[in-house]
Amino acid sequence: MQHSVVVVDVGSSTTRLGFGGEEAPRVVAPTVVGTPYNSGMLGSLLQHHGDTFSGDAAWERRGLLELSYPVQSRRVVSYKALEHILHDALYKWLPLVPHDTPLLWVEPVTTPREDRERICEIFFESFDVPLLAMTNAAAATLYSTGRTTGLVVDSGEDCTTVNAVWEGYSLHHTFYSSPIAGRVLTDRLLEYLRGKGYALSTPQDRCLVDKIKRSLCYVAADAEIELKNLRNKPRPDSYELPDEQRIFLHESQFMVPELLFNPSRANDAGFGAGDGEVGWAEAVTQVVRRAPSYAQPRLWESIVLGGGNTMLPGIEQRLQREVSARNNGGEQTINCVAFPDRDLATWIGASVVASMPTFSHLCLAREEYHEKGAAAVHLRA
Numbered sequence: 017m018q019h020s021v022v023v024v025d026v027g028s029s030t031t032r033l034g035f036g037g038e039e040a041p042r043v044v045a046p047t048v049v050g051t052p053y054n055s056g057m058l059g060s061l062l063q064h065h066g067d068t069f070s071g072d073a074a075w076e077r078r079g080l081l082e083l084s085y086p087v088q089s090r091r092v093v094s095y096k097a098l099e100h101i102l103h104d105a106l107y108k109w110l111p112l113v114p115h116d117t118p119l120l121w122v123e124p125v126t127t128p129r130e131d132r133e134r135i136c137e138i139f140f141e142s143f144d145v146p147l148l149a150m151t152n153a154a155a156a157t158l159y160s161t162g163r164t165t166g167l168v169v170d171s172g173e174d175c176t177t178v179n180a181v182w183e184g185y186s187l188h189h190t191f192y193s194s195p196i197a198g199r200v201l202t203d204r205l206l207e208y209l210r211g212k213g214y215a216l217s218t219p220q221d222r223c224l225v226d227k228i229k230r231s232l233c234y235v236a237a238d239a240e241i242e243l244k245n246l247r248n249k250p251r252p253d254s255y256e257l258p259d260e261q262r263i264f265l266h267e268s269q270f271m272v273p274e275l276l277f278n279p280s281r282a283n284d285a286g287f288g289a290g291d292g293e294v295g296w297a298e299a300v301t302q303v304v305r306r307a308p309s310y311a312q313p314r315l316w317e318s319i320v321l322g323g324g325n326t327m328l329p330g331i332e333q334r335l336q337r338e339v340s341a342r343n344n345g346g347e348q349t350i351n352c353v354a355f356p357d358r359d360l361a362t363w364i365g366a367s368v369v370a371s372m373p374t375f376s377h378l379c380l381a382r383e384e385y386h387e388k389g390a391a392a393v394h395l396r397a
């Protein structure tokens with residue numbers, strides 16, 4: 017049976033795709049492309065097997081491949097690599113027949129016009145899709161919670177953004193972006209553990225540290241109180257390796273995530289990378305105040321979290337408390353929303369869009385593209 021719409025969300029670290037109207041993507045894979053090194057027997061064998069790997073196939077062979085990441089800081093930096101991922105995603109990972117399948121592409125809030133046109137060209141020229149629509153990532157995150165208006169805090173691998181959305185439309189002048197996101201936290205934790213004497217030097221070791229971060233790190237309600245409590249803790253939390261060695265996190269367990277809320281305090285504690293940045297509560301406050309006054313009450317009431325880096329325990333409660341402390345004069349309701357599956361929020365919201373009866377009105381048809389060119393995509397968003 018031919019499904020009506022395929023939904024594609026390609027992030028800096030993860031690609032998600034599946035069919036509109038479904039509750040979760042069918043495929044979640046790394047956004048990575050790998051090509052064999054030119055020298056050595058293993059490189060020759062891989063070249064014989066095939067020139068390029070992507071997704072899980074590339075990641076599983078990462079020690080033997082030169083890896084490239086086509087999306088960085090929410091911008092496509094290699095359309096060749098992106099097209100390879102899309103080819104494997106549509107023809108192998110699902111698979112489907114793109115010629116017969118309408119497609120919904122999830123795009124970042126600040127996508128330049130020329131990037132939108134390039135994506136449009138790829139889908140019509142290389143995959144010959146019959147219909148193409150694009151939806152804004154911030155709006156999609158709101159849709160995943162049943163909202164069309166709110167403020168979205170989206171934090172993934174290499175970027176954190178805060179953006180106001182009014183009735184499904186992003187208010188671009190409110191946009192805030194910071195490089196402090198999942199990758200920075202992993203790097204700071206890796207540096208801390210190396211400083212404690214742990215031998216962590218390979219790409220595989222970095223993957224291990226990322227796993228430790230996801231398993232044990234959390235956002236403290238108050239870092240100073242947490243530091244005092246840590247001194248009275250009989251045994252700090254640790255991560256057990258397969259060889260039964262334990263890695264102890266000590267204060268890094270909560271001081272690394274402290275970068276998100278108090279960059280200067282994290283800097284003072286030796287967990288750098290926060291110079292010139294503001295914490296999430298301040299960023300939220302700035303973004304809301306850039307919005308029109310009539311929109312601000314509804315934005316305060318719907319501060320929605322999305323992205324894998326927002327899965328840290330305690331993050332919703334900390335944001336709620338700090339935003340309230342900065343802005344609540346006693347009458348304004350402030351509400352932070354963090355759904356359990358918020359790491360998939362953009363895809364889930366896009367799936368909602370793809371299942372709407374009005375979806376066809378958002379689409380650029382193949383015939384119109386060939387008649388008017390890629391610039392016609394701007395007429396549909």
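If you count the sequence shown from 1, position 296 lands on 312 in our numbering, and the numbers rise without skipping.
Quick reminder that beta carbons are idealized off the backbone N, C-alpha and C, glycines included.
Does the Cβ of residue i have 16 or more other Cβ atoms within 10 Å, making it buried, or fewer, making it exposed?
i    : result
V24  : buried
M17  : Model confidence at M17 stands at a pLDDT of 38, short of 50, so the residue's coordinates are unreliable; what they give is reported in the following sentence. Under this definition M17 is an exposed residue.
G79  : exposed
V22  : buried
T30  : buried
L257 : exposed
P219 : exposed
D259 : exposed
S55  : Any reading at S55 needs caution, since the residue's pLDDT is 49, under 50, leaving its predicted position unreliable; the model's value is listed next. Under this definition S55 is an exposed residue.
I138 : buried
I135 : buried
S268 : buried
M57  : The predicted position of M57 is uncertain, since its pLDDT is 43 and thus under 50; no value can be drawn from it.
L395 : exposed
A180 : buried
Q333 : exposed
P273 : buried
R251 : exposed
K229 : buried
A197 : buried
D226 : buried
R204 : buried
H64  : Low confidence applies here, because H64 scores a pLDDT of 46, under 50, leaving its location unreliable and the question unanswered by this model.
A390 : buried
E387 : exposed
Between the options, which lies nearest to residue i when the distance is taken from Cα to Cα?
i    : options                   : result
S193 : A73, S171, C223 and Q336  : S171
G330 : V353, Q312, P308 and Y310 : V353
S84  : H115, A370, N245 and P52  : P52
T362 : V393, L158 and N245       : L158
P118 : S376, A390 and H386       : S376
R90  : S28, E82, F35 and R251    : S28
T176 : T349, Q348, N325 and A370 : N325
T76  : V93, K96 and V49          : Before going on, a small fix: residue 76 reads as Glu here, not Thr. Taking only the C-alpha atoms, the option nearest E76 is V49.
T127 : A149, A153, V145 and P111 : A153
P124 : Y234, N278, D221 and V168 : V168
A237 : E384, L321 and R337       : R337
L187 : A74, N343, A155 and V368  : A155
S254 : I263, G365, V225 and S20  : I263
R163 : L232, H189, E183 and G323 : E183
K212 : H266, L335 and V178       : H266
A97  : L110, E82 and P111        : E82
Taking residue i and residue j to be in contact with their CB atoms under 8 Å, please state how far apart those CB atoms are, rounded to whole angstroms.
i    : j    : result
L275 : L201 : 6 Å
R32  : L360 : 7 Å
R358 : L321 : 5 Å
A297 : V235 : No, A297 and V235 are not in contact; Cβ-Cβ is about 12 Å, not under 8 Å.
A449 : G71  : Since the first residue shown for the chain is 17 and the last is 397, residue 449 is missing from the structure and cannot be characterised.
Could you spell out the range, first to last residue, of the alpha helix (DSSP H) harbouring residue i?
i    : result
R334 : I331 to N343
A297 : W296 to R306
D203 : G198 to G211
G365 : A361 to A370
D104 : Y95 to D104
N245 : A239 to R247
S268 : S268 to M271
E141 : Careful: E141 lies outside any alpha helix (DSSP H) and carries neither H nor E.
Starting from residue i, follow its DSSP beta bridges and name the residues at the other end.
i    : result
M150 : W121
A381 : L147
Y192 : V178
S70  : V49
Y255 : I263
V43  : L33
E133 : None, per the DSSP bridge assignment.
E82  : T51
R91  : Q88
What residue does the beta strand (DSSP E) around residue i start on, and which one ends it?
i    : result
T30  : T30 to F35
I319 : I319 to G322
D226 : First-last for D226: P219 to L232, but that is the alpha helix (DSSP H), not the beta strand (DSSP E).
S171 : G166 to S171
V23  : V22 to V26
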